[in-house]
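Q:
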Amino acid sequence: MNFKSSYNLFYIVTAFAVTMFFSCKNNFKEVQQIGIRQNEPIGVAEHMNLKYTDSGRLKANLISPKMLDFSNREFSYNEFPDGVTLHIFDERDKKSIIIADYAIVYNNTDLIDLRGNVLITTETKDSIFAEQLFYDQKRDWVFSNKPVRYVSPTKIVTGNAFDSNRDFTSFGISEVTSTVYLDDETSL
16 MNFKSSYNLF
26 YIVTAFAVTM
36 FFSCKNNFKE
46 VQQIGIRQNE
56 PIGVAEHMNL
66 KYTDSGRLKA
76 NLISPKMLDF
86 SNREFSYNEF
96 PDGVTLHIFD
106 ERDKKSIIIA
116 DYAIVYNNTD
126 LIDLRGNVLI
136 TTETKDSIFA
146 EQLFYDQKRD
156 WVFSNKPVRY
166 VSPTKIVTGN
176 AFDSNRDFTS
186 FGISEVTSTV
196 YLDDETSL
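Residue numbers (the numbering used here): 16 to 203.
So, in structure tokens, the structure goes:
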């Protein structure tokens, strides 16, 4: 009888162990997400001063009062809800400045989406106004498919799209809606 009960105990333990083995699943990602809400940032930084360099040379400097880090997402990004100031430097260290009310930096694509009262001032004192601009850090390219206004000391041009290299020495405005030439005595 003792021999039979030990076999029964062995079968019960084996059945329990097999059941436990097949019921377990790999949920490491779920465990990592414990305590992190789906719509919450993984981190918050204040008084940001982010510098983008290439081969030891400063190419861009992004300054913002607040950054929300959403790198816990599948398509990770950083959000700047309180606005940004972006300084872009050319090969001669001449600086153009982009200011926006809001920005998102997409980490996988190095694309910066600038929105709301976007203003670009160039080294030559030209200004570009738009509601949305994109800066592609990999291609050193600034563009928009929204209405823009370009102001220089000699003219004001409005259009529906904008393309430029990073130092604004070669740019174009598509679908020009108006051009106003200014007198030498006119000041903005």
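Even glycine gets a Cβ: it sits at the ideal position worked out from N, Cα and C.
DSSP three-state label for Ser111, please.
A: Looking at Ser111 - three-state DSSP - the assignment turns out to be strand.
Q: Can you check whether the CB of Ser91 is closer than 8 Å to the CB of Asn123?
A: Result yes, Cβ atoms of Asn123 and Ser91 sit closer than 8 Å.
Q: Decide if Ile57 is buried, meaning its Cβ has at least 16 other Cβ atoms within 10 Å, or exposed.
A: The residue is exposed, with fewer than 16 neighbouring Cβ atoms inside 10 Å.
Q: Tell whether a beta-carbon distance below 8 Å holds between Ser142 and Leu148.
A: No.
Q: Per the DSSP calculation, Arg164 is bridged to which residue(s)?
A: Looking at the DSSP assignment, Arg164 forms a beta bridge with Phe144, Thr173.
Q: Need the endpoints of the beta strand (DSSP E) that Glu94 sits in, please.
A: Taken as a continuous stretch (DSSP letters only), the beta strand (DSSP E) holding Glu94 covers 92-95.
Q: Residues in its own chain within less than 8 Å of Phe158 by CB, not counting five upstream and five downstream?
A: So the qualifying residues of the chain are Leu148, Phe149, Asp151, Ala176, Phe177, Asp178, Ser179.
Q: Any idea if Asn211 is buried or exposed, counting beta-carbon neighbours within 10 angstroms, 16 or more meaning buried?
A: This structure gives no information on residue 211, because the portion of the chain shown stretches from 16 to 203.
Q: Between the alpha carbons of Ser193 and Ile171, how many angstroms are there, rounded?
A: Computed Cα separation, rounded: 8 Å.
Q: What did DSSP end up calling Ile57 once you bin it into helix, strand or coil?
A: Coil, per DSSP.
Q: Helix or strand or just coil, what does DSSP make of Thr139?
A: Coil, per DSSP.
Q: Given a cut-off of 8 Å on the beta-carbon distance, is the pair Leu129 and Ala115 in contact?
A: Result yes, Cβ atoms of Leu129 and Ala115 sit closer than 8 Å.
Q: Ordered along the chain, which non-local residues of its own chain (more than five positions away) have a Cβ less than 7 Å from that of Thr169?
A: Only Tyr196, Leu197 meet the Cβ criterion.
Q: What is the DSSP secondary structure of Phe183, counted as helix, strand or coil?
A: Correct three-state label for Phe183: coil.
Q: Taking Glu89 as the reference, which of Asn76, Met82, Tyr121, Val163 has the closest Cα?
A: Nearest of Asn76, Met82, Tyr121, Val163 to Glu89, Cα basis: Tyr121.
Q: List the endpoints of the continuous beta strand (DSSP E) containing Ser70.
A: Here Ser70 belongs to no beta strand (DSSP E), and DSSP marks it neither H nor E.
Q: Which residue from Phe144, Gly98, Asp182, Asp155 puts its Cα closest to that of Val166?
A: Val166 has its Cα closest to that of Phe144, out of Phe144, Gly98, Asp182, Asp155.
Q: Can you tell me whether Thr25 is buried or exposed? The criterion is at least 16 other CB atoms within 10 Å of its CB, across all chains shown.
A: Looking at the sequence provided, one finds Phe at residue 25 rather than Thr. Its Cβ having fewer than 16 others within 10 Å, Phe25 is exposed.
Q: Anyone know if the C-beta pair for Asp182 and Lys66 falls short of 8 Å?
A: Cβ distance not < 8 Å, so Asp182 and Lys66 don't count as in contact.
Q: What's the call for Ile27, buried or exposed, on a 16-neighbour Cβ count within 10 Å?
A: That one is exposed.
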